[in-house]
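Residue numbers (mature numbering (1 follows the signal peptide of the UniProt record, and there is no 0)): -28 to -1, 1 to 435.
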């Protein structure tokens, strides 16, 4: 599936009207690499960095960084027509359109965001060349590719179980990715969020089951709702209960983003896990959270209150139509019309394609999803973690709401981690260098907080 679109769909940005962005046309030369330039804002300027990676189908995986604002890896769609290049940061309602100059090292164009437009020039820097050995070192634990079945959905799941060295039985966790359609590593570009965390925990005495979400990797089916993913995690837990290496009284679930909500809801079901770790879980319904995400990110990019308010109103209008028009065909027609009214340059085919995606059963379910009502049924220990640099799920709003909903549970620990973003990365200046190039990494502080908390519950001495 389209990885970029899966990420962008978490936010119904102001530029959602250009959600599909057109089909990427073949450019004269590859744009792969880094495109950097100064974005002039009232009172100063910000460096923006677009990172493009070529995919086998001729399109690009692309992200946007604004280092001074601690914005990292916002999803970007790329469209090319001859020497015209368009970068769309859907999450923040921003777009850069420019002309690739002869030589292919510079793009001159215009940055547009709500109520603001300014010329900008991007300079090209080639992607770093890795000289690291291609061979993967054998980890000090056992890896086993596994399959199990969610009988309720009649669906077979592919995954990997990693088991620590030594004698068991071991504590174990199921790792759950943010939203639907992720592979077992929770891969974002070349960053393996769940893969890194799973490796860290297994090296320290905790068995880990990672699985491909519906529609990804070795798992079939179509993208799941939150409620459907809960049944997938229940099936994963049931599989672990059949394994002799696993301590059946020390089974947990660790989820990231919406996966954190899945973990919490799994604990509210019959035969729950023994503990839950929720990383940047949502504390609000999908629709208002999408609005908050949009507003927070626009503010971080320098938009004033009037611009933010206008963007929010447009966003809310589209979401209200999606939620309140039961007939899908009618909803698609209205949303497509709103898309074209907001962005007259969008053709009718692209507008309709965007409207189709926004009116799917799964997206409607996300907008209506309320993560709080069932949390009173969670009785097991819970660790809630959020980063102060998280622009997608702000801790001030979401962590507080989750803690309040879990107040009847005396075994809840809630922490905010300074400088950690939504992907649980610390500031890029702290990333390890691999051949002189910073390598994206899971926050070491977050890793150790998770490990220590699990050990405190299981009383299992680990290295």
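Don't be surprised by glycine CBs; every beta carbon is placed ideally from N, CA and C.
Practice task
State the beta-bridge partners of residue 228 as determined by DSSP.
Solution key: Along the chain shown, read from residue 1 onward, the residue named residue 228 stands at position 256. In DSSP, residue 228 forms a bridge with 251.
Handout entry: Backbone secondary structure at residue 10 - three-state DSSP
Key = Position 38 of the chain shown holds residue 10. Residue 10: strand per DSSP, three-state reduction.
Exercise for the section: Flag this pair as yes or no: are the beta carbons of residue 73 and residue 67 separated by less than 8 Å? Expected result: Here the question's residue 73 lines up with position 101 in the chain shown. Here the question's residue 67 lines up with position 95 in the chain shown. In this structure, residue 67 does not lie closer than 8 Å to residue 73 by Cβ.
Practice task
Inspect the beta-carbon positions of residue 21 and residue 11 and report whether they are closer than 8 Å.
Solution key: Mapped onto the chain shown, residue 21 falls at position 49. Mapped onto the chain shown, residue 11 falls at position 39. The answer is no: Cβ separation not under 8 Å.
Exercise for the section: Please classify residue 322: does DSSP put it in a helix, a strand, or coil? Expected result: Against the chain shown, residue 322 aligns to sequence position 350. Three-state DSSP puts residue 322 in a helix.
Practice task
Grab me the residues of residue 386's own chain with a C-beta within less than 7 Å of its C-beta, minus the 5 sequence neighbours each way, in chain order.
Solution key: By 1-based counting over the chain shown, the position of residue 386 is 414. So the list reads 356, 371, 375, once near-sequence residues are dropped.
Practice task
Determine the extent of the beta strand (DSSP E) in which residue 365 is found, giving its start and end residues.
Solution key: Taking the chain shown and counting its residues from 1, one reaches residue 365 at position 393. Where residue 365 is concerned, there is no enclosing beta strand (DSSP E), given that its DSSP letter is neither H nor E.
Problem - Rounded separation between residue 305 and residue 324 - CA only - result: Along the chain shown, read from residue 1 onward, the residue named residue 305 stands at position 333. Along the chain shown, read from residue 1 onward, the residue named residue 324 stands at position 352. Between residue 305 and residue 324, the C-alpha separation is close to 7 Å.
Practice task
Please classify residue 210: does DSSP put it in a helix, a strand, or coil?
Solution key: Your numbering for residue 210 matches position 238 in the chain shown. Residue 210 falls in the helix class under three-state DSSP.
Problem - residue 139 - DSSP class collapsed to helix/strand/coil - result: On the chain shown, residue 139 is found 167 positions in, with the first residue counted as 1. DSSP places residue 139 in coil when its eight states are reduced to three.
Practice task
Could you check which residue in 129, 222, 168 has the C-alpha nearest to that of residue 203?
Solution key: As a position in the chain shown, residue 203 is number 231, starting the count at 1. Of the candidates 129, 222, 168, the one whose C-alpha sits nearest the C-alpha of residue 203 is 129.
Handout entry: Cβ-Cβ separation, residue 179 to residue 256 (assumed contact under 8 Å), whole Å
Key = Indexing the chain shown from 1 puts residue 256 at position 284. Indexing the chain shown from 1 puts residue 179 at position 207. That pair is no contact at about 33 Å.
Handout entry: As assigned by DSSP and simplified to three states, the class of residue 178
Key = Sequence index remark: in the chain shown, residue 178 carries index 206 (1-based). Residue 178 falls in the coil class under three-state DSSP.
Handout entry: Backbone secondary structure at residue 67 - three-state DSSP
Key = As a working mapping, residue 67 is identified with position 95 in the chain shown. In this structure, residue 67 counts as strand in the three-state DSSP scheme.
Practice task
Answer with buried or exposed for residue 121, where buried requires no fewer than 16 other C-beta atoms within 10 angstroms of its C-beta.
Solution key: Looking up residue 121 in the chain shown gives position 149. Looking at its Cβ environment, which holds fewer than 16 other Cβ atoms inside 10 Å, residue 121 is exposed.
Exercise for the section: Determine the DSSP secondary structure at residue 289, reduced to helix, strand or coil. Expected result: As a first step, residue 289 is located in the chain shown; it is residue number 317 there, counting from the start. Three-state result, residue 289: helix.
Handout entry: Spatial distance of residue 102 from residue 227 (CA atoms)
Key = Position 130 of the chain shown holds residue 102. Position 255 of the chain shown holds residue 227. The predicted model places residue 102 with a pLDDT of 48, which falls under 50 and marks its position as unreliable; any figure quoted below should be read in that light. Approximately 31 Å between the Cα atoms of the pair.
Practice task
Give a yes or no on contact between the stretch 207 to 222 and the stretch 179 to 197, applying the rule of three or more CB pairs nearer than 8 Å.
Solution key: yes
Handout entry: Residues that DSSP places opposite residue 268 in a beta bridge
Key = Walking along the chain shown from the start, residue 268 turns up at place 296. According to DSSP, residue 268 bridges with nothing at all.
Practice task
Check residue 19 in the structure and name its three-state DSSP category.
Solution key: Residue mapping note: residue 19 aligns to position 47 of the chain shown, counting from 1. Residue 19: strand per DSSP, three-state reduction.
Handout entry: Beta-carbon gap between residue 242 and residue 426 smaller than 8 Å
Key = Taking the chain shown and counting its residues from 1, the one referred to as residue 242 is at position 270. Taking the chain shown and counting its residues from 1, the one referred to as residue 426 is at position 454. Not closer than 8 Å, so no.
Problem - Three-way DSSP call (helix, strand, coil) for residue -6 in this model - result: Working through the chain shown from its first residue, we reach residue -6 at position 23. Low confidence applies to residue -6: its pLDDT is 34, below 50, so where it sits in the model is not reliable, and the reading given next is rough at best. Residue -6 falls in the coil class under three-state DSSP.
Exercise for the section: Less than 8 Å between the CB atoms is what I'm expecting for residue 152 and residue 333, so what's the real figure, rounded? Expected result: Residue numbering aside, residue 152 sits at position 180 when the chain shown is read from its first letter. Residue numbering aside, residue 333 sits at position 361 when the chain shown is read from its first letter. That belief does not hold up - the Cβ atoms of residue 152 and residue 333 are roughly 12 Å apart, past 8 Å.
Problem - Alpha-carbon spacing of residue 391 relative to residue 189, whole angstroms - result: Counting from one through the chain shown, the residue named residue 391 turns up at place 419. Counting from one through the chain shown, the residue named residue 189 turns up at place 217. Residue 391 and residue 189: Cα-Cα distance of roughly 32 Å.
Handout entry: Burial state of residue 117, where buried means 16 or more other Cβ atoms lie within 10 Å
Key = The residue you call residue 117 lines up with position 145 of the chain shown. The residue is exposed, with fewer than 16 neighbouring Cβ atoms inside 10 Å.
Exercise for the section: Specify, as a first and last residue, the run of the beta strand (DSSP E) that residue 120 falls within. Expected result: Within the chain shown, numbered from 1, the residue matching residue 120 stands at position 148. Unbroken beta strand (DSSP E) run through residue 120: 113 to 122.
Exercise for the section: Any chance you could list the beta strand (DSSP E) runs of at least 3 consecutive residues sitting entirely within the stretch 382 to 432, in chain order? Expected result: 384 to 389
Handout entry: Neighbourhood of residue 157 by C-beta, 6 Å cutoff - its chain only, sequence neighbours within 5 removed
Key = On the chain shown, residue 157 is found 185 positions in, with the first residue counted as 1. Cβ neighbours of residue 157 beyond the five flanking positions: 164, 166, 167.
Exercise for the section: Following the continuous beta strand (DSSP E) through residue 88, name the residue where it begins and the one where it ends. Expected result: In the chain shown, residue 88 corresponds to position 116, counting from 1. It spans 88 to 97 - the beta strand (DSSP E) in which residue 88 sits, taken as one unbroken run.
Practice task
For the beta strand (DSSP E) holding residue 79, just list the boundary residues, first then last.
Solution key: As a working note, residue 79 is residue 107 in the chain shown. Unbroken beta strand (DSSP E) run through residue 79: 78 to 85.
Exercise for the section: Can you tell me which of the three DSSP states residue 204 falls into? Expected result: Within the chain shown, residue 204 is the residue found at index 232, counting from 1. It is helical.
Exercise for the section: Express the C-alpha separation of residue 83 and residue 437 in angstroms, rounding to a whole number. Expected result: The question about residue 437 has no answer here: the residues shown for the chain are numbered -28 through 435.
Exercise for the section: Throw me the rounded Cβ distance for the residue 253 and residue 236 pair, which I believe falls under 8 Å. Expected result: Working through the chain shown from its first residue, we reach residue 253 at position 281. Working through the chain shown from its first residue, we reach residue 236 at position 264. That pair is a contact at about 6 Å.
Problem - Start-to-end residues for the beta strand (DSSP E) that takes in residue 36 - result: As a first step, residue 36 is located in the chain shown; it is residue number 64 there, counting from the start. Start and end: 32 to 38.
Practice task
State yes or no: is the C-beta of residue 150 within less than 8 Å of the C-beta of residue 231?
Solution key: Numbered from its first residue, the chain shown carries residue 150 at position 178. Numbered from its first residue, the chain shown carries residue 231 at position 259. Cβ atoms of residue 150 and residue 231: closer than 8 Å.
Practice task
Along the alpha helix (DSSP H) that carries residue 307, what are the first and last residues, could you check?
Solution key: Walking along the chain shown from the start, residue 307 turns up at place 335. 300 to 314 is the extent of the alpha helix (DSSP H) around residue 307.
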